[in-house]
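Numbering (the working numbering), first residue to last: 7 to 57. Glycine included, each C-beta is placed from N, C-alpha and C at the ideal position.
Given below as structure tokens:
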């Protein structure tokens, strides 16, 4: 006798919704959370002077 959990895991729409959520979280992690390669800090530790 299938349980409600068995029926939910066999549903294609539930799988597609879960896959969409995973894809959205992945895209947000890669592109939306800030710079992928942040600039490095000044290695001298001092202020730069403009001429």
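> Over what stretch of residues does the alpha helix (DSSP H) that includes residue 24 continue unbroken?
Replying inline: Taking the chain shown and counting its residues from 1, the one referred to as residue 24 is at position 18. 18-33 is the extent of the alpha helix (DSSP H) around residue 24.
>> Mapping the DSSP letters down to three states, classify residue 40 as helix, strand or coil.
In response: Counting from 1 along the chain shown, the entry for residue 40 is found at position 34. Coil at residue 40, not helix or strand.
> Going along the chain, which residues of its own chain have a beta-carbon closer than 6 Å to the beta-carbon of residue 19, five neighbours each way excluded?
Replying inline: As a position in the chain shown, residue 19 is number 13, starting the count at 1. If we look at residue 19 and ignore the five residues flanking it on each side, it has no Cβ neighbours.
>> Tell me which residue opens and which closes the alpha helix (DSSP H) that residue 15 is part of.
In response: Counting from 1 along the chain shown, the entry for residue 15 is found at position 9. 10-15 is the extent of the alpha helix (DSSP H) around residue 15.
> Quick one: Cα of residue 9 to Cα of residue 32, how far?
Replying inline: Here residue 9 refers to the residue found at position 3 of the chain shown. Here residue 32 refers to the residue found at position 26 of the chain shown. Cα to Cα, residue 9 sits roughly 31 Å from residue 32.
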